[in-house]
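Engineer: Numbering (my numbering), first residue to last: 781 to 1156. Next up is a structure, given as C-alpha cells.
Written as C-alpha cells, this is what we have:
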C-alpha cells in the first residue's frame, strides 16, 4: 500500500459530500436526541482527568468557501451535514456556525471582503506597515457589513431551526491572525523588531474587539451556544473559546511569549478558557503555548492527509500528558491509519479527542469502538 500523502488537488481535505436539506425537511426530533446523547458523553469525558473521546466531524466544504455568502444556502448545507452526522457514533455533536470568513474582527476596523470564485472570502490588508496603521478604533457591528451579516446569520439560523439546534460563534481568529488582515504580513512581522510597542498596542486593541464581538454574539445566541466553537469538538457542556492562530508558526516561540500569550489568555479569561488551533507542525511551540495560564485545549493535525506538515505524536504526548489540557487530534485517513496514529499519541495522563472523518458508517462505528478500547 502506498504511503498516505496530502492531496494538494483537494480543496478541502477534511470535508465530505452531503446533500443540502431545507429547514422544513430537517428531522429536528431525531437530531435533538442524537445531540443530547453526544453532549452527555462530552460532559462525561470532560469531567475525567484522562481519557479518549471521538468527534466524528461532518465538515461541509461549501460552508467554508463562497457558499457562506448566502445565509439560506449555508443553512441548507449545514443541515445536510447534521443529517449525515446522524449515521455516525460520536462523543460531541456536530453543530451550526455562522461562518462568514476569517475577516470578522478585522471588519470592525474597516476590512471588506473580496470573493474569489469557489474560494473563501478574503480581506486585503489596508496598511503596508504598522507605522501606517492609525490608532485603531472599532466600529459598531451595525456599521461593519461583515459583522452585521454574521449577526443576521445567527438570527436566521435560530429562527429557521426554532432555536432547537446548537450554534457556535463565528470564526473570530486570535489577535495575531487578525492583525495580518489589517497590516501586510511582512510589514507586521517587521514591526516586532522595529516598533514592538506599536505591535503590542495593535494586538491589545484587537483583543478588546474579539472579546466585545464574541460577547455580542453570545447574547444573540443565548442558551443554544456550544463551546469552544469553530473547529473544535463543542457542546453545551463545553467551556472556553476556540481561537485559530495559524500565524503561530510564522514567529518564534519567544516572540509568541513576548507579544501574543497575554492576549490569548485575556480572551480565554473572558470565556472560561483558551482553546488554541494552528495548522501545520507547531510541536516546537508547545511549551510557549502552555505558558497561557487559561489554556484548556489545543488542536493539531496528526496524519499526512490532514495537513502536509503533521505534528509529532511523541512530542505532543510529552508536552501535554498530565497537564489537564485536552489535545484535539485531527486525523483524516483510513481507519487503520488513524488507529495506528492514535496508538502513538495516546498514553497515561492524556486527555485526547480524536477527530475522525470516515465516510462509511460501518467503518466509522468500528473505528469509534477501537479507539475507545485503547482507553478502556
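All C-beta atoms, glycine included, are put in the ideal place defined by N, C-alpha and C. Since the model is a prediction, treat every value here as computed from it, not as a measurement.
Taking the alpha carbon of residue 844 as the point to measure from, which residue in 866, 951, 824 and 806 has its own alpha carbon closest?
Structural biologist: If we check each option's Cα against that of residue 844, 951 comes out closest.
Engineer: Within the continuous alpha helix (DSSP H) that includes residue 1038, where are the two ends?
Structural biologist: Looking at the DSSP string, the run of the alpha helix (DSSP H) that includes residue 1038 is 1033-1039.
Engineer: Considering only the alpha carbon of each residue, which of 1117, 945 and 920 lies closest to residue 862?
Structural biologist: Taking only the C-alpha atoms, the option nearest residue 862 is 945.
Engineer: Are residue 1029 and residue 1060 close, meaning C-beta to C-beta below 8 Å?
Structural biologist: For residue 1029 and residue 1060, yes; Cβs fall inside 8 Å.
Engineer: Which whole runs of the beta strand (DSSP E) in the region 1070-1139 are 3 residues long or more, in chain order?
Structural biologist: Correct list: 1075-1081, 1106-1111 and 1131-1136.
Engineer: How long is the line joining the alpha carbons of residue 1108 and residue 856, rounded to whole angstroms?
Structural biologist: Spanning the two alpha carbons is a distance of roughly 28 Å.
Engineer: Per DSSP, what kind of secondary structure is residue 943 in: helix, strand or coil?
Structural biologist: If DSSP states are grouped into helix, strand and coil, residue 943 belongs with coil.
Engineer: Here's the rule: buried if 16 or more other CB atoms are within 10 angstroms of the residue's CB, otherwise exposed. What is residue 917?
Structural biologist: Under this definition residue 917 is an exposed residue.
Engineer: For residue 812, which residues of its own chain have a beta-carbon under 7 Å away from its beta-carbon, when the five flanking residues on both sides are left out?
Structural biologist: The residues are 944.
Engineer: Helix, strand or coil for residue 785, going by three-state DSSP, please let me know.
Structural biologist: Residue state, collapsed to three classes: coil.
Engineer: Are the CB atoms of residue 876 and residue 947 nearer to each other than 8 Å?
Structural biologist: Against a cut-off of 8 Å, the Cβ pair of residue 947 and residue 876 comes out as a contact.
Engineer: Taking Cβ positions, are residue 1020 and residue 971 nearer each other than 8 Å?
Structural biologist: Cβ distance not < 8 Å, so residue 1020 and residue 971 don't count as in contact.
Engineer: Let me confirm a value: residue 1089 is counted as buried when at least 16 other C-beta atoms fall within 10 Å, else exposed. Which label applies?
Structural biologist: Classification for residue 1089: exposed.
Engineer: Once you ignore the five residues that flank residue 847 on each side, which residues in its own chain have a CB closer than 7 Å to its CB?
Structural biologist: 853, 854 and 857, listed in sequence order.
Engineer: Would you mind stating whether residue 910 and residue 968 have Cβ atoms separated by less than 8 Å?
Structural biologist: For residue 910 and residue 968, yes; Cβs fall inside 8 Å.
Engineer: According to DSSP, simplified to helix, strand and coil, what is residue 863?
Structural biologist: It is helical.
Engineer: Please report whether the beta-carbon of residue 814 lies at a distance below 8 Å from any beta-carbon of chain D.
Structural biologist: Absent from the structure: chain D. Only one protein chain is present.
Engineer: With three or more C-beta pairs closer than 8 Å as the rule, is the region 1135-1151 touching the region 1097-1104?
Structural biologist: No: fewer than three Cβ pairs fall under 8 Å.
Engineer: Could you give the DSSP three-state label for residue 907: helix, strand or coil?
Structural biologist: Strand at residue 907.
Engineer: Taking 8 Å as the limit between beta carbons, can you name the residues of its chain near residue 980, skipping five residues before and five after?
Structural biologist: The residues are 1039.
Engineer: From 1073, 926, 869 and 922, pick the residue whose C-alpha is nearest to that of residue 819; which is it?
Structural biologist: Comparing Cα positions, the closest option is 869.
Engineer: Note down the Cα distance separating residue 1162 from residue 907, rounded to an integer number of angstroms.
Structural biologist: Look at the range of the chain in this structure, 781 to 1156, and you will see that residue 1162 is not part of it.
Engineer: Out of curiosity, what's the CA-to-CA distance linking residue 1000 and residue 878?
Structural biologist: The straight-line gap from Cα to Cα measures roughly 12 Å.
Engineer: DSSP state of residue 962, grouped into three classes?
Structural biologist: Correct three-state label for residue 962: coil.
Engineer: Could you tell me how far apart the beta carbons of residue 886 and residue 962 are, in whole angstroms, since I believe they sit closer than 8 Å?
Structural biologist: So it is a contact: roughly 5 Å between Cβ atoms.
Engineer: Just verifying my parser: in three-state terms, what is the DSSP assignment at residue 794?
Structural biologist: In this structure, residue 794 counts as coil in the three-state DSSP scheme.
Engineer: Among residues of its own chain, excluding the 5 on either side of residue 791, which ones have a beta-carbon nearer than 7 Å to its beta-carbon?
Structural biologist: Here the set comprises 841.
Engineer: Using C-beta distances below 6 Å, list every residue in its chain close to residue 989, excluding the 5 sequence neighbours before and after it, in chain order.
Structural biologist: 885, 888 and 918.
Engineer: Which stretch, first to last residue, makes up the alpha helix (DSSP H) that contains residue 998?
Structural biologist: From DSSP, the alpha helix (DSSP H) with residue 998 extends over 976-1001.
Engineer: Tell me the rounded alpha-carbon separation between residue 1023 and residue 1142.
Structural biologist: Whole-angstrom Cα-Cα distance: 33 Å.
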